[in-house]
Amino acid sequence: MDSATASPLSTWHFSGTLRTYQAEVLDRLEPGGDDPLHIVAPPGAGKTLLGLLLAAREGHRALVLAPTVTIRQQWLRTATELAPEATAVSDDPDRIADLTALTYQLLSVTGDGSPFDDLALAVWTDELVASGRTEADAATWLAELAVDNAGRYRSGIRSRTRRLRSRLTRQRPAELARVLHPNAVALIDRLVAAGVRTVVLDECHHLLDHWAIVVAYLAGRIRESGTEPTLIGLTATLPSPDDETEFENYSTLLGEVDYEVPTPAVVKEGHLAPYRDHVLFTEPTPAEATFIRRHESLLHDLIRQVLSTPDALAYLEHQLQPDDASGEEEGDASLARLDRAFSTDFALTRSCALVLREVAPQHPLVAAIPPVLLDRCTTDDLLTVLSRFAHARLLSDPSAVRQWEYVRRSLADFGYALTDRGIRRGRNPVETTLAFSAAKDHAAVEILRRELAGEDGDRIRAVVVTDFVEHGNNRGLAGDAPAGALRTFELLAVDAVTARLRPVLLTSQHLRVRAEDAADISRGLSDLLGEAVRVADGVGPVRDLQLRGAGSGRVVGAVSELIRRGDVRLLVGTRGLLGEGWDCPSVNTLVDLTTVATSSGTQQLRGRTLRLDPAWPEKVAHNWSVVCLIPSDVDLDDGSESARLSRRHSHLWGLSADGEGRIVSGLGHALAAPVVEAWERVLEKDPSTTVGDIDSLLRDRWRPRARTRTEWRIGEAYTPRERETISIRRTPRAPLLRARQTATAGAVVAAVAGTATVGALVAVLAVSGVPLSPLLGIALALGGGVVAATASGLRMLLHTLRDRARPAEVYRSAAIAVVRTLRDAGRIAPVDESAITARPDEADPTRIRIEIGGRAQDAAMIADAVEELFAPVRTPRFLLRIDAAGLPRLRVLERLADRLSPGRTLLAVPRMIARRRGDAESFRDHWQSQIGSCDLHELTGVQGLALLRLARSADDRLDAAEPRARVWG
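For the sequence shown, our numbering assigns the number 561 to the initial residue and increments by one for each residue that follows.
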């Protein structure tokens, strides 16, 4: 390489002030490494500047690839500001400069199908040639196979495609070049010859198929030149891992994320609008509820009918009373077998117990099962047991083939597929009914009414986003209009309040408005587009506007301009049109009616409202989710809506809904603890709580936008660190340490020891000739006992007072014991223990929050272990008895404590610690060092089963509302 290209970007300079997270990225990521740099940052975070500064440090010519011309121009403008001269920057593929910015499309591949298919065909051809055919003969045979046996041909292509995807980056450049256009190959060769060694991939989540081949070929050609390429991937949203092959393709190129800029950091520095997430809970319409109730009745009747047969009852009995292979049963054999069943497979045994109570409530085993384990029998319990019974007794028995087929076909009617792998959900009509319920359209109306009634009602610019224009699946809802944007718009257009927003429906084929607004809006669009926009003839409350390319970029831009002006204040459309790429800074309210729950889809939608609005410097965005729940008086379980809400918010950061000013991820930033508890009660079919009760709690906690902005504390200094948190509930029935009985036992033993000691001294004095009356001797001995008991009790009292004064300290000590054990086992790196904290919640002192900082991967592993330590006991290998802390390690004292106050405090040793006995013993030792006496019990034999049963009867210590979260800042 000549001197001109030896270190071409070394003189580039940024004279401004870096944002906090930009400086941290540059400080944390070392230049000159062989691995790719992979950075995730939201829109508005300054990714362009950051990417250029990272590339400049590498000291080589750089290529920037962008998905659109608009984004490419943004790179050119910023690069020109950094470069010492304008000629150092180029967007001309025929003039390679120190930094060249091109679009991915310029390096596109040929063919209408997947390039992997072309590459797979080439590999298949090579395999045939290697087996002895000529290349022409191989090509002819494959062409004939594609016509004569298309299924076999497609299968062969798919199998080779899967292999190719898994080893994409290891393909030789010559192989990859076979599916690239010759012009693309020539351009890449010129780039490499010109000294390009650094490649910046903007919006790199697009690297899922053909563009990934381009980048893989470019990287391979750079390697062939003798230098390892530096790939810098920048994106606002990671691709969804739901498509495993495409995600693997992406992650193979770029690896793990090296740094993620959380959205709150950009908000706090004033480059994105502050925001708050809201949820509105609704329930199905009457017609939908009737369908769901009928579905519930028929499904439960079917399952109960199958599980009430003698064969099914015998299966349940066998699951609850497994044979004893060891021959160690003592006492009540049925109870010992029941404990063994729970120890072997807790979840299945519990479901079998619930089903047995459901189908045979008078069965003797039902009375033997601890009531604490028998709550409501859910639909999932019934399906789990049915699946296992069908596999164990029907599928394996040739004579039961007719019964297997009956169950399989019957379940298919309810959207479940019974296969040799178990029961899996198919197109469940109940899930579809809830996901696309007409009640959600009414919820959108209610949301906008509330927004308009707020202090900033005149500033509302809203967008309602759906999955489809019209949904094709209308099963169970005969007579209702198909779900989708059209149905939603119809309702918003006729409501007297939302009609004031002058709503517009915009899809790829439709541009629809209210009849009263049609003339004004068509005129406004005509002026912006420079062509006539005609109002179609029609009757009713809405009219279609007719023009060329209703869903084209220019029309979307024109409607966005009307929103900015305030001529239109509500837009209804689909996520395909209003997702990534749509930019309208005036929008401040999102109503998300989609079923999207992936990280990329969720963040792309919410990114639409976070842009700063020059017309409203104090802008605050509201992002709404709508959840349709089956009412608590309908005994059918469907967690699809709740699971979707949880997944959606697990990708997001926001202000804690409890009003503490914390920034948290997960549902904690959308739902306050009392709301979560009410939600759980509805899911558990508690008749005391309705869906309306949840909404009432949410309305009571509504916060004005101005307060939200204040809570964000924009412009204040912050520490860009992330911590894992575990929330524990302190309850009298589940104390971590049972101080009363240990203090009493210690006092009793101290009294006995004191009395004996003083009595012995009195006896020695009497033998020595010291005159002492018997009564005085007895009094002295008893007095010694009282003094000893008082001293012991006082010591324990001070210990108890200390723990009560600092109730969180013992929980922090427990977390420290976990940290030290994992460190000693080599599972985590050394941890700064000052990053482990515990404190009572200011609003609720019975809640203790344990926060764990440090390296993200280690913090997550520690949090997993601490959460498991305090979670309900399931099937651990070891239990730790901890209630005797503070007592000397004497068996007599522990037995006395048990007699004075029956019951024990037993915690499950986390699985990652319990895998090796040595690690479990190390955990015991660290617990003793940090907190006090404890005993480690391995669960073997009848005694172990008895301890397990006792441990499971204890109350839950994890906070039901928010057991686990991440905290930022």
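We put the beta carbon where it would ideally sit given N, CA and C, even for glycine.
For residue i versus residue j, is the C-beta spacing smaller than 7 Å?
i        : j        : result
His-855  : Pro-627  : no
Val-1426 : Ile-1286 : yes
Thr-663  : Ser-650  : no
Ala-1075 : Arg-1103 : yes
Leu-1243 : Leu-832  : no
Ser-997  : Glu-1201 : no
Gly-1413 : Ala-1395 : yes
Tyr-810  : Pro-1280 : no
His-598  : Gly-815  : yes
Asp-1218 : Ser-1185 : no
Leu-1496 : Phe-1438 : yes
Thr-842  : Ile-1020 : no
Val-1433 : Ala-1377 : no
Pro-568  : Asp-652  : no
Val-839  : Ala-1420 : no
Between residue i and residue j, what straight-line distance do the alpha-carbon atoms span, to the nearest angstrom?
i        : j        : result
Asp-677  : Leu-1138 : 31 Å
Thr-797  : Asp-818  : 14 Å
Arg-1065 : Phe-1049 : Sequence inspection shows Leu at residue 1065; the Arg mentioned does not correspond to that position. Looking at the two C-alpha atoms, the distance is approximately 6 Å.
Leu-971  : Gln-963  : 12 Å
Thr-1155 : His-923  : 44 Å
Pro-1462 : Ile-1442 : Note that Pro-1462 scores 40 on pLDDT, short of 50, meaning its location in the model is unreliable; the coordinates nonetheless yield the value given after this. When rounded, the distance between both Cα atoms is 14 Å.
Asp-837  : Gly-1161 : 16 Å
Ala-1416 : Glu-1481 : 27 Å
Gly-982  : Ser-947  : 6 Å
Leu-1227 : Pro-1234 : 12 Å
Phe-1028 : Asp-1424 : 39 Å
Ala-1181 : Trp-1262 : 14 Å
Phe-974  : Arg-1380 : 51 Å
Lys-1245 : Thr-992  : 21 Å
Leu-1196 : His-860  : 8 Å
Ala-825  : Ile-782  : 36 Å
Pro-742  : Ile-748  : 10 Å
Gly-619  : Val-689  : 45 Å
Leu-876  : Arg-897  : 13 Å
Arg-1269 : Ser-1216 : 13 Å
Gln-634  : Val-775  : 21 Å
Arg-968  : Val-1187 : 31 Å
Gly-1221 : Gly-1214 : 10 Å
Count the other C-beta atoms from every protein chain shown that fall within 10 angstroms of the C-beta of residue i, then say buried if there are 16 or more, exposed otherwise.
i        : result
Pro-1247 : exposed
Val-1452 : Caution is warranted here: a pLDDT of 47 is assigned to Val-1452, below 50, making its placement in the model unreliable, and no coordinate value can be reported.
Val-915  : buried
His-1486 : buried
Ser-1120 : buried
Leu-858  : exposed
Asp-1592 : This structure cannot speak to residue 1592, because the chain is shown only from 561 to 1529.
Ala-1092 : exposed
Pro-602  : buried
Leu-1447 : Here Leu-1447 scores only 44 on pLDDT, less than 50, and its place in the model is too uncertain to base an answer on.
Asp-562  : Reliability of the predicted coordinates at Asp-562 is poor, the pLDDT of 44 falling under 50, and the value obtained from them is presented with this limitation in mind. Result: exposed.
| Do the segment 1003-1019 and the segment 1053-1062 make contact, defined as three or more Cβ pairs closer than 8 Å? | When C-beta atoms of the segment 1003-1019 are compared with those of the segment 1053-1062, three or more pairs fall below 8 Å, so the two segments count as touching.
| Does the pairing of the segment 1271-1278 with the segment 852-872 give three or more beta-carbon distances under 8 Å? | no
| request: Any chance you could list the beta strand (DSSP E) runs of at least 3 consecutive residues sitting entirely within the segment 820-888, in chain order? | output: 835-842
| said: Across the segment 786-796 and the segment 1118-1136, are there enough close Cβ pairs to call them in contact, namely three or more that are closer than 8 Å? | reply: no
| query | When the Cβ atoms of the segment 1247-1264 are set against those of the segment 1382-1390, are three or more pairs found closer than 8 Å? | reply | no
| Does the segment 863-875 come close enough to the segment 642-656 to have 3 or more Cβ pairs within less than 8 Å? | no
| said: Suppose only complete runs of 4+ residues qualify. What are the alpha helix (DSSP H) ranges in the segment 1368-1451, listed by chain order? | reply: 1369-1384 and 1416-1430
| said: Check whether the segment 1515-1524 and the segment 1203-1212 touch, using three or more Cβ-Cβ pairs below 8 Å as the test. | reply: no
| request: Check whether the segment 1402-1412 touches the segment 1367-1383, counting contact only when three or more Cβ pairs, one atom from each stretch, lie closer than 8 Å. | output: yes
| Fully enclosed by the segment 743-814, which alpha helix (DSSP H) runs are 4 residues long or longer? | 770-784 and 804-814
| task | Can you check the segment 908-948 for any alpha helix (DSSP H) of at least 4 residues that lies completely inside it and give the ranges in chain order? | result | 924-928
| task | Go through the segment 943-999 residue by residue and report every complete run of the alpha helix (DSSP H) that reaches 4 residues or more, in order. | result | 961-972 and 989-995
| message | Extract the residue ranges of the beta strand (DSSP E) inside the segment 1144-1203, only unbroken runs of 3 or more that lie entirely within it. | response | 1149-1152 and 1181-1188
| said: Give the list of continuous alpha helix (DSSP H) stretches no shorter than 4 residues that lie fully inside the segment 1480-1523. | reply: 1501-1512
| Segments of 4+ residues assigned as alpha helix (DSSP H) that fall wholly inside the segment 1196-1269 | 1200-1210, 1233-1243 and 1251-1260
| query | Which full runs of the alpha helix (DSSP H) of 4+ residues lie inside the segment 1018-1100, going along the chain? | reply | Restricted to the segment 1018-1100, the alpha helix (DSSP H) segments that are unbroken, complete and at least 4 residues in length are 1045-1054 and 1078-1089, listed in chain order.
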